[in-house]
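Numbering (my numbering), first residue to last: 10 to 314.
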């Protein structure tokens, strides 16, 4: 390829129109567009792993959500495979932590909590949660105060896939006697509530750098004014994360240990990582993107005349 023209358009609709008119040869698409582009002549599609992942942030200042057994039961009660299927048509993977399989730092040995409503219900019962008044919602006395197992889940309404996932979570947890109220918000409203810690749970997503530094999400020093908006604190993890940034030789082993601790403590509920999707003109050949760079092998691209 001798020349690349990068064109800027005001919105996705304009981008799709330009591609349909073959004014451009490659575009990012969403899952809901896959079948539409798949039917087009002289077009082929590619999918590849992304660096992006979806999760539920949980405010650990909440006396209900601060209980690790509750968080484990919630995750066990959520059918993440179904969420992945319905939001991405299966184009992605269910995840158990913030570091994804493409990364050199990924620990493939961390525990995977499978969907099991029976075990989730049993775990809650063993933790003292019971439906005493037969209203379908579990209750428990914590420190001389009775709590119902209910909380709000913030979700930004301009993200259809995220709202769909939140609806699945609401339904799955209702079956366990957990009441989840979906609270619609704009992204700015949601971010404001989360950063000020005036929330119970929130649907969110992150994208990590190729060399992941997890301190921004998990370090105790980030609670007050950083992005540790779940207020998670583990001194052992704090020490490991600092050492991982200063020890090149031991960084991989330290990263593995950090993932084990995060997996055990569950300060966030990790859901899935969607694949990146591309529609390409049939004449554009040799495209092999990787999670870090769409243009990974651009020197090997060519145009079939």
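All residues carry an ideal CB built from backbone N, CA and C; glycine is no exception.
> In the region 60 to 96, which residue ranges form an unbroken alpha helix (DSSP H) of at least 4 residues, counting only runs that do not cross its ends?
Replying inline: 77 to 86
> Which residues does DSSP pair with residue 191 in a beta bridge?
Replying inline: 162
> Whose C-beta lies closer than 8 Å to the C-beta of residue 215 among residues of the same chain, with five residues either side of it excluded?
Replying inline: 61, 62, 64, 107 and 226
>> Taking the beta strand (DSSP E) that residue 249 belongs to, which residues open and close that run?
In response: Note, residue 249: premise wrong, no beta strand (DSSP E); alpha helix (DSSP H) at 244 to 255.
> Counting along the chain, where does the beta strand (DSSP E) carrying residue 155 start and finish?
Replying inline: 154 to 157
>> Taking the alpha-carbon of residue 53 as reference, which of 292, 299 and 298 has the nearest alpha-carbon?
In response: 292
>> Let me check understanding here. Comparing Cα to Cα, which of 157, 160, 55 and 199 lies closest to residue 167?
In response: 199
>> Can you give me the C-alpha to C-alpha distance between residue 282 and residue 96, rounded to a whole angstrom?
In response: 11 Å
> Going by DSSP, which residues form a beta bridge with residue 37?
Replying inline: 287
> So does the region 239 to 257 actually touch the region 137 to 155, counting three or more Cβ pairs closer than 8 Å?
Replying inline: no
> How is residue 270 classed by DSSP in three states: helix, strand or coil?
Replying inline: helix
> With a Cβ-Cβ cutoff of 8 Å, do residue 277 and residue 67 count as a contact?
Replying inline: yes
> Applying the criterion that 16 or more other CB atoms from any shown protein chain within 10 Å of the CB defines a buried residue, is residue 86 buried or exposed?
Replying inline: buried
>> Can you look up residue 239 in the DSSP assignment and give me helix, strand or coil?
In response: coil
> Taking the DSSP output, what are the residues bridged to residue 101?
Replying inline: 283
> Taking residue 206 as the reference, which of 170, 57 and 69 has the closest Cα?
Replying inline: 69
> From what residue to what residue does the beta strand (DSSP E) around residue 56 run?
Replying inline: 52 to 57
> Roughly how many whole angstroms lie between the Cα atoms of residue 38 and residue 101?
Replying inline: 14 Å
>> Quick check: what's the CA-CA separation for residue 307 versus residue 157?
In response: 56 Å
>> Counting C-beta neighbours from all protein chains within 10 Å, is the total for residue 80 16 or more, i.e. buried, or is it exposed?
In response: buried
> In the region 162 to 232, which residue ranges form an unbroken alpha helix (DSSP H) of at least 4 residues, counting only runs that do not cross its ends?
Replying inline: 169 to 183, 196 to 204 and 224 to 227
>> Checking the sheet assignment: what are the DSSP bridge partners for residue 293?
In response: 312
> Does residue 50 get closer than 8 Å to chain C when you measure Cβ to Cβ?
Replying inline: In the structure shown, chain C does not exist; there is a single protein chain.
> Skipping 5 residues on each side, what residues in its chain have a beta carbon closer than 6 Å to that of residue 28?
Replying inline: 36
>> Buried or exposed for residue 268, going by 16 or more other Cβ atoms inside 10 Å?
In response: buried
> What three-state label does DSSP hand residue 126 in the structure shown?
Replying inline: helix
> From which residue to which residue does the beta strand (DSSP E) around residue 16 run?
Replying inline: Neither: residue 16 is in no beta strand (DSSP E) and is coded neither H nor E.
> Ends of the alpha helix (DSSP H) at residue 258?
Replying inline: From DSSP, residue 258 is part of no alpha helix (DSSP H); its letter is neither H nor E.
> Over what stretch of residues does the alpha helix (DSSP H) that includes residue 45 continue unbroken?
Replying inline: 43 to 47
> Would you call residue 46 buried or exposed, if buried means 16 or more other Cβ atoms sit within 10 Å of its Cβ?
Replying inline: buried
>> Taking a contact to mean a Cβ-Cβ separation below 8 Å, would you say residue 297 touches residue 311 in this structure?
In response: no
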